[in-house]
Amino acid sequence: MLSVNHAMLHPWSWLYNDMPMADIDVLEVLNDPTWKNATTANEQVVEIFTTLWNAGHRVYAVGGSDCHMQPHERYPQATEPSIYGDPATWVYAEALSGEAILAAIKSGHCYFERRCGLTFSLNDGALLPGDAADGKQIALTVAVKDSEQRYTLQVVSDAGILAEYSLDNAPQDIHADMTKHAWIRWDIRRENGSLEGMINPVYCARHPLFLSPVGTTWGEVTGHLDFPRSPDTE
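My numbering applies: residue 10 is where the sequence shown begins, and numbers increase by one.
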């Protein structure tokens, strides 16, 4: 399995524009959010992730804590400690084995979150993140366990953000129509707008996007994106 990690976190950003898209399985969308440049870098990767899907490339999202510190330590100017599992990628695997876990991640049967305590099901468990859902009506039943912060769910598709919903510990049903979209995913954001988590997309396998993806290399697909480099990333 090949994962592109901290793709926009300078000076460790992804530079291999000739990498074939067919070789890339997953993209680390949320990398250690306590690092000083993480917010800008991770939001740029969210845009890259959307771009990949809008070009017909089914690369799936993961989160990585990338922790290099002890729990009592903090990066300069950080308001939170960098700890293992912040964020964590949760995987629906058919067995407790490395092979099964990797296969599930490559199929998109996963989501990531920081600490909201996300609980959800798609179509009462008949559908998993990463599944094909051609022509289906999607019902996401979703809640969060954490009550210390406020969270918002964004329904995101190839047409942009379709809707936003406030989340709490009471399960609610959120519906989407896959006959109108190539793909749909769900982003969870904190009250300050920062990314808390993401449920991987479901998609229409027969949509022209996925039958004839645009671009064959990382550079061909993402090269048009022009991200300004903030002063603190130099």
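Even glycine gets a Cβ: it sits at the ideal position worked out from N, Cα and C.
The structure displayed is predicted, hence computed values, not measured ones.
Comparing alpha-carbon positions, the option among Ser130, Ile170, Ala152 and Leu162 lying closest to Thr59 turns out to be Ile170.
Contact annotation: Ser106 and Asp41 have beta-carbon atoms that are not nearer than 7 Å.
Residue ranges of uninterrupted beta strand (DSSP E) with 3 or more members, entirely inside the stretch 43-130 and ordered along the chain, are 69-73, 97-100 and 119-122. When Cβ pairs closer than 8 Å are counted between the two stretches, the stretch 154-165 is seen not to touch the stretch 131-139, the count staying below three. Rounded to the nearest angstrom, the gap between the Cα atoms of Trp62 and Tyr212 is 9 Å. Just so you know, the alpha carbons of Glu200 and Cys125 end up roughly 12 Å apart.
With a beta-carbon spacing of about 13 Å, Ile183 and Ser166 fall beyond the 8 Å limit used to define contacts. In this structure, the CA atom of Leu36 is about 11 Å from the CA atom of Ile114. Runs of the alpha helix (DSSP H) lying entirely within the stretch 143-201, each at least 4 residues long, are absent.
With contacts defined as CB atoms closer than 7 Å, Val54 and Ala16 qualify as a contacting pair.
Here Ala50 has Met17 and Leu18 as same chain residues with Cβ atoms under 6 Å from its own Cβ, once five neighbours each way along the sequence are excluded. Of the other Cβ atoms in all chains shown, fewer than 16 fall within 10 Å of the Cβ of Thr88; this residue is therefore exposed. Spatial neighbours of Glu229 in its own chain (CB-CB distance under 6 Å, excluding positions within 5 residues in sequence) are not present. Per DSSP, the beta-bridge partners of Asn40 are Gly73. Pairing Ile110 with Gly73, the inter-Cα distance amounts to about 16 Å. Around the Cβ of Trp21, a 10 Å sphere holds fewer than 16 other Cβ atoms; the residue is exposed.
Looking at the DSSP output, Gly206 shares a beta bridge with Glu122 and Ile197. Taking the Cα of Pro210 as reference, the smallest distance to any Cα among Tyr25, Val164 and Pro80 is reached at Val164. Setting aside the 5 residues that flank it on each side, Ile147 is surrounded in the same chain by Leu131, Asn132, Leu136, His184, Ala185, Asp186, Met187, Ile193 and Val211, each with a C-beta closer than 8 Å to its C-beta; the list follows chain order. For Phe219, the enclosing alpha helix (DSSP H) stretches over residues Pro217 to Leu220. Put simply, the backbone Cα of Pro138 is about 19 Å away from that of Ile57. Leaving aside the five residues that flank Met10 on each side, the residues in its chain whose CB is nearer than 8 Å to its CB run, in chain order, Asp34, Val35, Leu111, Ile114 and Lys115. Annotated as distal: His81 and Tyr101, with beta-carbon spacing of 7 Å or more. The shortest CA-to-CA distance from Leu149 to any of Arg159, Trp99, Ala168 and Asp196 is the one to Asp196.
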